[in-house]
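There are 2 protein chains.
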Amino acid sequence: MLLRIDPAAGAPLYDQIAASIRADAATGALVEGDRLPSAREVAESLDVNLHTVLKAYQMLRDEGLVEMRRGRGAVIGSAAASLADLRADAQALAARARELGVGPEALAALVRAAAQES
Amino acid sequence: MLLRIDPAAGAPLYDQIAASIRADAATGALVEGDRLPSAREVAESLDVNLHTVLKAYQMLRDEGLVEMRRGRGAVIGSAAASLADLRADAQALAARARELGVGPEALAALVRAAAQES
DNA sequence: GAAGTTGTTATAGAAGAACTATAACACTAG
DNA sequence: CTAGTGTTATAGTTCTTCTATAACAACTTC
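Given below as structure tokens:
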């Protein structure tokens with residue numbers, strides 16, 4: 001469980017943390033039942049605020065990737081495999097978007113709009 | 001060219017304006033070469049600031065849907081058809097995401113992350 | 001060429017949302 | 001009970017959103 005972030009990268013820290021964990025889940029480095037390090041551990045080792053880490057964890061919970069409970073920590077949930085597929089589809093979409101010259105922000109806005117319609 | 005916005009909807013006004021135009025382009029109500037009403041016209045008819053409309057137009061430009069030039073206005077560009085396909089793919093992805101319980105914001109974050117990796 | 005239209009840029013302000021930080025709380029496991 | 005976990009509350013700061021005004025530069029039309 002190695003997390004890499006770049007405080008000077010512009011992207012929010014919690015996004016970077018969440019992305020790092022998503023990537024590990026996608027490659028199989030993290031599978032169902034695996035436990036994430038506690039938010040306080042991560043916060044200290046990355047020299048970041050506790051809430052920043054928790055926000056990343058809560059994003060992953062909203063996506064259904066992890067389950068969280070007090071006293072027990074954050075654990076990779078049963079939907080991890082399905083989400084890896086969804087992520088693959090997202091990357092395929094991103095590749096097509098890039099061919100059309102549509103950047104990450106524009107694509108995200110377009111997808112959000114599409115998701116909110118239905 | 002009918003634009004509908006809801007100031008009490010929570011979503012940014014420029015997002016609503018952009019979404020409305022995207023929808024018209026997707027259904028074929030707007031096709032390549034069609035000219036959008038001037039930003040000043042829209043601003044007045046919606047009782048909204050000029051810059052709010054321009055931000056919507058600039059989002060659509062970033063997506064490649066419209067081309068803008070001073071004195072000439074905003075025109076639906078040649079990539080409109082391709083973008084309608086991309087939008088269809090985005091909606092398919094959104095449908096799958098919703099089946100998994102992944103909401104619009106979470107999906108947008110996931111797609112943005114996927115697009116930034118590549 | 002002159003006039004009018006268009007998007008573009010600059011500056012400023014106000015209201016609200018989001019982010020950061022600190023502290024206390026409530027649930028779980030040993 | 002104790003130690004560790006996520007959760008919630010609170011406050012201050014920063015960022016986003018929308019507005020407003022003004023000037024500018026490119027294009028169209030006459």
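In order, the protein sequence lines correspond to chains C and H. Letter by letter, the first sequence follows residues 1 to 118 in UniProt numbering. Letter by letter, the second sequence follows residues 1 to 118 in UniProt numbering. Where a beta carbon is used, it is the ideal one built from N, C-alpha and C, also for glycine. Since this is a predicted model, take the numbers as computed values, not measurements.
Requested in this report: Could you tell me which chain H residues have their CB closer than 8 angstroms to the CB of M68 (chain C), listed as they occur along the chain?
Outcome: None at all; the shortest Cβ gap to chain H is about 15 angstroms.
Query raised in the report: Can L110 (chain C) be considered in contact with the ligand ATP, in the sense that its beta carbon sits closer than 6 angstroms to one or more heavy atoms?
Result: Inclusion of the ligand ATP in the displayed structure is not the case, the ligand content being empty and no account of it being possible.
Query raised in the report: Looking only at its own chain, which residues have a Cβ that is under 7 angstroms from the Cβ of G73 (chain C), when we skip the five neighbours before and after it?
Result: R35, L36 and S38
Query - Inter-residue spacing [alpha-carbon to alpha-carbon] between R112 (chain C) and E105 (chain H) - result: 6 angstroms
**Report entry** First through last residue of the alpha helix (DSSP H) which encompasses E63 (chain H)
**Finding:** L50 to E63
**Report entry** Cβ-based burial, R22 (chain C) [other Cβ within 10 Å; buried from 16]
**Finding:** buried
Query - 6 angstroms CB neighbourhood of Q16 (chain H) in its chain, flanking five on each side removed - result: I5
Requested in this report: Tell me whether A74 (chain C) sits in a helix, a strand or coil according to DSSP, three-state version.
Outcome: strand
Query raised in the report: Where do the N-terminal and C-terminal ends of the alpha helix (DSSP H) with R4 (chain H) fall, by residue?
Result: Premise fails: R4 (chain H) is in no alpha helix (DSSP H) and is neither H nor E.
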